[in-house]
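Asker:
In my numbering, the protein residues as written are 4 to 121.
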């Protein structure tokens with residue numbers, strides 16, 4: 004009986020352990036990367052308005068590849084991490100909430116004239 008209980012307990016601990024084994028991008032880095040991906044989307048949408056061939060030329064993919072290169076990650080690692088966070092909604096919510104807060108701070112700074120000097 005004790006062996007069965009120990010096996011069950013070990014299974015629960017292993018099953019509930021954190022999957023962030025080095026392949027998964029840490030949350031703070033993922034927040035920054037996703038922020039940059041959203042900025043890349045904005046750039047693409049602006050290009051699309053000015054140049055209808057932007058979609059045909061896969062400008063969005065080029066912008067995403069630039070983000071991956073800047074952050075020194077592969078596309079596969081990003082999407083593996085993204086799927087991990089999608090499977091863990093509380094962690095994804097924390098990332099999205101952080102991005103939303105950053106967006107709100109930037110908007111307030113932009114419209115209040117208190118923008119930081121680079």
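Note that the Cβ used here is the ideal one computed from N, Cα and C, for glycine as well.
Could you tell me whether the stretch 60 to 71 touches the stretch 35 to 51, where touching means 3 or more Cβ pairs closer than 8 Å?
Answerer: Touching, per the Cβ criterion.
Asker: So residue 27 packs on residue 84, CB below 8 Å; how close in whole Å?
Answerer: Indeed they touch by this definition, with Cβ atoms about 5 Å apart.
Asker: So which of 89, 109 and 35 has the shortest CA-CA distance to residue 74?
Answerer: Measuring from the Cα of residue 74, the nearest candidate turns out to be 35.
Asker: Answer yes or no: do residue 61 and residue 71 have a C-beta to C-beta separation smaller than 8 Å?
Answerer: In this structure, residue 71 does not lie closer than 8 Å to residue 61 by Cβ.
Asker: Rounded to the nearest angstrom, what separates residue 111 and residue 90 at their Cα positions?
Answerer: Approximately 32 Å, taken between the alpha carbons.
Asker: In the stretch 51 to 101, which residue ranges form an unbroken alpha helix (DSSP H) of at least 4 residues, counting only runs that do not cross its ends?
Answerer: Complete alpha helix (DSSP H) runs here, min 4: 62 to 73 and 78 to 90.
Asker: Tell me the rounded alpha-carbon separation between residue 29 and residue 87.
Answerer: If I take the Cα positions, the gap works out to 11 Å.
Asker: Given residue 55, which residues of its chain have a CB within under 8 Å of its CB, disregarding the five upstream and five downstream residues?
Answerer: Answer for residue 55: no residue qualifies.
Asker: Can you give me the C-alpha to C-alpha distance between residue 82 and residue 31, rounded to a whole angstrom?
Answerer: Between residue 82 and residue 31, the C-alpha separation is close to 16 Å.
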